[in-house]
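As you go down the protein sequences, you meet chains A and B in turn.
For the first sequence, the residue numbers in this note's numbering are 1 to 110.
For the second sequence, the residue numbers in this note's numbering are 1001 to 1114.
C-beta atoms are modelled at their ideal positions from N, C-alpha and C, and glycine is treated no differently.
Here the structure is a predicted model, which is why all the values come from computation and not from measurement.
Read the structure below first, then the notes.
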Amino acid sequence: AQRVTQPEKLLSVFKGAPVELKCNYSYSGSPELFWYVQYSRQRLQLLLRHISRESIKGFTADLNKGETSFHLKKPFAQEEDSAMYYCALSGWGSSYKLIFGSGTRLLVRP
Amino acid sequence: DTEVTQTPKHLVMGMTNKKSLKCEQHMGHRAMYWYKQKAKKPPELMFVYSYEKLSINESVPSRFSPECPNSSLLNLHLHALQPEDSALYLCASSQGGGDREKLFFGSGTQLSVL
């Protein structure tokens, strides 16, 4: 069964500190992993996906198949990064089914 | 236009009412979705339409009835809802080419059932 686990409900860091939001998944095949972000009073939007191997707003995420993880990282957090972050998974042949983790709220303090 | 538009933004209804939520996109996307999001919880998939045909129904109660009149519009008809159905209802769309696509979300309809 597909499952996405985000162990931290809240992550609080100071501005300029490194950030790592954890995501682990369970899937028997080769998944596509995503990070979606929801800023205050804004709609849910895609931050990045592993297949693109891109860096958005300074965030990166590497798929580690051995550890079944897709942690989101940023070397220096900014206050505007404060938001709700959801890790999500889509599998092959899942007919558009995107499974979300429970989310981690990132709070970046000045 | 790269947005998914949902109306109304807020809706209060009684348990005997009938109402509809509307969703519209003009990005040429052929897959459209309804998600339900309770407070402080992740979105949960309800329905998926692919090329205007219902392809996924996640065992949603029949008091929720989706409709896709054309490739740009998606409706969710509500009837005889329960207070526990109060939630944020999100519409999303994607290109429709297959799995693993980027989803574009609307800002949602906040529904309160009294």
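Exercise for review: Given a cut-off of 7 Å, decide if B:P1042 and A:F100 are closer than it, judged by their beta-carbon atoms.
Suggested key: To locate residue 100 of chain A, count along the first sequence from 1; it is residue 100. To locate residue 1042 of chain B, count along the second sequence from 1; it is residue 42. The answer is yes: Cβ separation under 7 Å.
Check your understanding: Near B:S1112, what residues of its chain come up, given a Cβ to Cβ distance below 6 Å and the 5 sequence neighbours on each side ignored?
Key -> As a first step, residue 1112 of chain B must be located in the second sequence, where it is residue number 112. The answer, listed in chain order, is V1012 and S1086.
Point to revise | Neighbour list for B:S1072 in chain A, Cβ cutoff strictly below 7 Å | key: On the second sequence, position 72 is the one that residue 1072 of chain B refers to. Simply none; closest approach about 18 Å.
Review point. Rounded to whole angstroms, how far is the Cβ of A:V19 from the Cβ of A:L106, which I believe are closer than 8 Å?
Key: Taking the first sequence and counting its residues from 1, the one referred to as residue 19 of chain A is at position 19. Taking the first sequence and counting its residues from 1, the one referred to as residue 106 of chain A is at position 106. About 7 Å separates the two Cβ atoms, so the contact holds.
Exercise for review: Evaluate A:P31 with the Cβ neighbour count: other Cβ atoms within 10 Å of its Cβ, from every protein chain shown; 16 or more gives buried, anything less gives exposed.
Suggested key: For the purposes of this step, residue 31 of chain A is taken as residue 31 along the first sequence, with counting starting at 1. Buried, since its Cβ has 16 or more Cβ neighbours within 10 Å.
Check your understanding: On the three-pair Cβ rule with 8 Å, is the region 44-62 of chain A touching the region 1092-1106 of chain B?
Key -> yes
Check your understanding: Does any CB atom of chain B fall closer than 7 Å to the CB of A:G103?
Key -> As a position in the first sequence, residue 103 of chain A is number 103, starting the count at 1. Closer than 7 Å: yes.
**Study point:** Cutoff 7 Å: A:F100 Cβ touching any chain B Cβ
**Key:** By one-based count along the first sequence, residue 100 of chain A stands at place 100. Judged by the 7 Å Cβ criterion, A:F100 is in contact with chain B.
Check your understanding: Which value, in whole angstroms, describes the spacing of the CA atoms of A:T68 and A:S26?
Key -> In the first sequence, counting from the first residue as 1, residue 68 of chain A sits at position 68. In the first sequence, counting from the first residue as 1, residue 26 of chain A sits at position 26. Rounded to the nearest angstrom, the two C-alpha atoms are 7 Å apart.
Exercise for review: With DSSP collapsed to three states, give me the class of B:H1077.
Suggested key: For the purposes of this step, residue 1077 of chain B is taken as the residue at position 77 of the second sequence. In the structure shown, B:H1077 sits in a strand (DSSP, three-state: E or B).
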